[in-house]
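I have placed the structure first, in the form of structure tokens, so that the comments after it can refer back to it.
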Amino acid sequence: MPGADHGGDELSEEPKRPRSSRSRQPGDSQKPSAGDGAARRRNRRNSRARNRDAAARANQATPAEQSPAPPDPATSAARERAVTAPAAEAGEAELAVEASRAERRRKEGAAPATARPVPAVADDAAHPGVYDRLWATGLPNVGAIARRELGAYFVSPIGYVVAAVLVLPVSFLGYLARIGQGLPVTMDPIFGLIALLMVFFTPLYTMRLLAEERRTGTLEVLLTSPVRDWELVVGKWLGGFGFYLATIAFTVLYVVLLSIYTPTHYPASVLGLHLELPTVDYGRIVAGYIGVGLVGAAWVALGLFASSLTSNQIIAAVVGVGLLLAFQYLFGTLATFLVSPYSDFFDYLNAANHAASFSAGRLVPKDAIYFVTLTAGALFLTTRVIESRKWR
Numbered sequence: 001m002p003g004a005d006h007g008g009d010e011l012s013e014e015p016k017r018p019r020s021s022r023s024r025q026p027g028d029s030q031k032p033s034a035g036d037g038a039a040r041r042r043n044r045r046n047s048r049a050r051n052r053d054a055a056a057r058a059n060q061a062t063p064a065e066q067s068p069a070p071p072d073p074a075t076s077a078a079r080e081r082a083v084t085a086p087a088a089e090a091g092e093a094e095l096a097v098e099a100s101r102a103e104r105r106r107k108e109g110a111a112p113a114t115a116r117p118v119p120a121v122a123d124d125a126a127h128p129g130v131y132d133r134l135w136a137t138g139l140p141n142v143g144a145i146a147r148r149e150l151g152a153y154f155v156s157p158i159g160y161v162v163a164a165v166l167v168l169p170v171s172f173l174g175y176l177a178r179i180g181q182g183l184p185v186t187m188d189p190i191f192g193l194i195a196l197l198m199v200f201f202t203p204l205y206t207m208r209l210l211a212e213e214r215r216t217g218t219l220e221v222l223l224t225s226p227v228r229d230w231e232l233v234v235g236k237w238l239g240g241f242g243f244y245l246a247t248i249a250f251t252v253l254y255v256v257l258l259s260i261y262t263p264t265h266y267p268a269s270v271l272g273l274h275l276e277l278p279t280v281d282y283g284r285i286v287a288g289y290i291g292v293g294l295v296g297a298a299w300v301a302l303g304l305f306a307s308s309l310t311s312n313q314i315i316a317a318v319v320g321v322g323l324l325l326a327f328q329y330l331f332g333t334l335a336t337f338l339v340s341p342y343s344d345f346f347d348y349l350n351a352a353n354h355a356a357s358f359s360a361g362r363l364v365p366k367d368a369i370y371f372v373t374l375t376a377g378a379l380f381l382t383t384r385v386i387e388s389r390k391w392r
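If you count the sequence shown from 1, position 302 lands on 302 in my numbering, and the numbers rise without skipping.
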């Protein structure tokens with residue numbers, strides 16, 4: 001019977017024997033045996049021993065092996081050229097860059113007064129120490145300040161107003177008036193008018209030199225920068241004096257006209273050529289210009305001193321006019337009312353007496369020394385006024 005057969009088959013099968021050990025799963029880990037750990041420790045000990053042996057052999061090297069070989073001169077020279085050549089090229093490149101920057105700042109009217117315009121490394125490569133010695137003299141700072149001040153005059157209206165007001169009186173009263181009256185034209189009245197007008201005009205363009213710096217607070221910035229006090233004062237004075245010379249430069253035109261239209265001539269032979277030269281005393285004209293220049297240097301220095309006393313430009317102008325009037329007229333007037341030796345002292349202080357010798361065509365050393373001393377004394381007092389601000 002089928003059912004009986006099926007049951008008999010099940011009974012006839014032998015039961016399956018269970019496995020003595022289960023199959024290894026992927027997550028199971030196999031523990032290392034004791035023999036593997038001992039082998040790894042033995043390998044580490046052998047490696048350390050080999051390292052110690054190598055270090056001992058290196059320490060036992062001979063002195064000849066330890067001392068380096070003497071350098072080859074050719075190799076050393078080539079190595080030195082390889083090191084110094086890029087440095088020199090870098091210095092030249094830096095010099096070119098700094099020079100272009102300085103030129104750009106000069107064109108923009110913003111030349112710095114305190115920064116070194118050229119790197120010292122490039123200068124020392126060509127002329128060792130020359131730039132440092134020049135920098136120690138203070139001339140770069142003085143030149144930068146003078147250029148800045150002179151440029152400021154030509155971009156401000158005050159400079160053109162002063163020049164125009166000076167040209168008109170000198171032209172109509174000194175030159176054209178004598179032509180209209182039929183009088184011989186000379187430069188003496190022109191020099192006299194310049195001396196008179198500059199007493200009032202010089203303080204007008206020197207009043208802002210230091211008073212404006214005080215008012216805006218830039219004077220403290222300049223004093224804390226690497227600019228010495230005398231460099232600031234001399235630079236300001238040079239800027240003002242340069243503008244003074246520019247305002248009187250137009251009078252050279254009168255010398256040309258005087259040479260052309262002087263009616264009387266005299267024959268002269270120059271390099272075999274027979275010429276008719278005007279009877280113009282050029283030596284007297286040159287002496288007159290020297291006197292005008294010395295007077296202007298002293299007037300600008302006194303105006304700068306007045307500007308250093310206050311932060312108000314109007315007060316600086318009034319004080320400057322008072323100082324110039326005292327030296328031009330007041331001291332001479334006092335000398336007439338006093339007795340010797342006081343009269344001699346004030347007569348010597350009178351600037352008009354010393355300027356008269358130049359207008360007469362005489363170059364007297366004591367008169368030149370007077371104006372040079374007056375200029376130096378005014379600049380010295382201005383420097384002391386600037387230095388006194390550090391103690392306030």
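C-beta: ideal position from N, C-alpha, C; glycine also.
Requested in this report: Quick one: give me the first and last residue of the alpha helix (DSSP H) that residue 157 is part of.
Outcome: Residue mapping note: residue 157 aligns to position 157 of the sequence shown, counting from 1. That run of the alpha helix (DSSP H) goes 157-169.
Report task. Tell whether a beta-carbon distance below 8 Å holds between residue 146 and residue 293. Result -> Counted from its first residue, the sequence shown places residue 146 at position 146. Counted from its first residue, the sequence shown places residue 293 at position 293. Result no, Cβ atoms of residue 146 and residue 293 do not sit closer than 8 Å.
Query raised in the report: Do you know whose CA, among 156, 149, 45, 194, lies nearest residue 168's CA?
Result: Translated into the one-based positions of the sequence shown, residue 168 becomes position 168. It is 194.
Query raised in the report: residue 374 and residue 298 look like a contact to me (Cβ under 8 Å); what is the Cβ gap, rounded to whole Å?
Result: Here the question's residue 374 lines up with position 374 in the sequence shown. Here the question's residue 298 lines up with position 298 in the sequence shown. Right, their Cβ atoms sit about 4 Å apart.
Query raised in the report: Between residue 162 and residue 238, is the Cβ-Cβ spacing less than 8 Å?
Result: Within the sequence shown, residue 162 is the residue found at index 162, counting from 1. Within the sequence shown, residue 238 is the residue found at index 238, counting from 1. The answer is no: Cβ separation not under 8 Å.
Query - residue 388: first and last residue of the uninterrupted alpha helix (DSSP H) it sits in - result: Looking up residue 388 in the sequence shown gives position 388. Segment 365-388, the alpha helix (DSSP H) holding residue 388.
**Report entry** C-alpha gap between residue 347 and residue 272, whole angstroms
**Finding:** If you number the sequence shown from 1, residue 347 lands on position 347. If you number the sequence shown from 1, residue 272 lands on position 272. Going by the C-alpha atoms only, they are around 50 Å apart.
Query raised in the report: How many Å lie between residue 316 and residue 344 at the Cα?
Result: Along the sequence shown, one-based indexing puts residue 316 at 316. Along the sequence shown, one-based indexing puts residue 344 at 344. Each residue's Cα considered, the two are about 30 Å apart.
**Report entry** With 16 other Cβ atoms within 10 Å as the buried cut-off, status of residue 235
**Finding:** On the sequence shown, residue 235 is found 235 positions in, with the first residue counted as 1. So residue 235 counts as buried.
Query raised in the report: Apart from the five residues on each side of it in sequence, which residues of its chain come closer than 7 Å, Cβ to Cβ, to residue 342?
Result: The residue given as residue 342 occupies position 342 in the sequence shown. Cβ neighbours of residue 342 beyond the five flanking positions: none.
Query - Exposed unless 16 or more other CB atoms sit within 10 angstroms - verdict on residue 296 - result: Taking the sequence shown and counting its residues from 1, one reaches residue 296 at position 296. Label assigned to residue 296: buried.
Requested in this report: Return the chain-ordered ranges of every alpha helix (DSSP H) run that is complete within the stretch 295-349 and spans a minimum of 4 residues.
Outcome: 313-325, 331-337, 342-349
**Report entry** residue 240, DSSP secondary structure in three states
**Finding:** Translated into positions along the sequence shown, residue 240 becomes position 240. Note: residue 240 maps to helix in three-state DSSP.
Query raised in the report: From which residue to which residue does the alpha helix (DSSP H) around residue 351 run?
Result: Counting from one through the sequence shown, the residue named residue 351 turns up at place 351. Element bounds for residue 351: 351-359.
Query raised in the report: Taking DSSP as the reference, what is the three-state secondary structure of residue 226?
Result: The residue you call residue 226 lines up with position 226 of the sequence shown. Here residue 226 sits in coil by DSSP.
Query raised in the report: Quick one: what's got a C-beta closer than 7 Å to residue 281's C-beta in the same chain, skipping five residues either side?
Result: Locating residue 281 in the sequence shown gives position 281, where the first residue counts as 1. The residues are 361.
Query raised in the report: Going by the CB atoms, is the gap between residue 303 and residue 202 shorter than 8 Å?
Result: If you number the sequence shown from 1, residue 202 lands on position 202. If you number the sequence shown from 1, residue 303 lands on position 303. Yes, the pair counts as a contact, with Cβ atoms nearer than the cut-off.
Requested in this report: Please state if the CB of residue 300 and the CB of residue 244 are separated by a distance shorter than 8 Å.
Outcome: Counting from 1 along the sequence shown, the entry for residue 244 is found at position 244. Counting from 1 along the sequence shown, the entry for residue 300 is found at position 300. In contact: residue 244 and residue 300 (Cβ atoms closer than 8 Å).
**Report entry** Beta-carbon proximity check, residue 319 vs residue 330, cutoff 8 Å
**Finding:** Translated into positions along the sequence shown, residue 319 becomes position 319. Translated into positions along the sequence shown, residue 330 becomes position 330. No, Cβ-Cβ distance for residue 319 and residue 330 is not below 8 Å.
Query raised in the report: Taking just the CA atoms, how far does residue 338 sit from residue 230?
Result: Along the sequence shown, read from residue 1 onward, the residue named residue 230 stands at position 230. Along the sequence shown, read from residue 1 onward, the residue named residue 338 stands at position 338. Their backbone Cα atoms lie some 37 Å apart in a straight line.
**Report entry** Cα-Cα separation between residue 470 and residue 340, rounded to whole angstroms
**Finding:** The displayed coordinates of the chain run from 1 to 392. Any statement about residue 470 would go beyond what the structure contains.
Requested in this report: Identify whether residue 198 lies in helix, strand or coil by the three-state DSSP scheme.
Outcome: Working through the sequence shown from its first residue, we reach residue 198 at position 198. Helix, per DSSP.
Query raised in the report: Does DSSP classify residue 281 as helix, strand or coil?
Result: Working through the sequence shown from its first residue, we reach residue 281 at position 281. The answer is coil: DSSP assigns residue 281 none of H, G, I, E or B.
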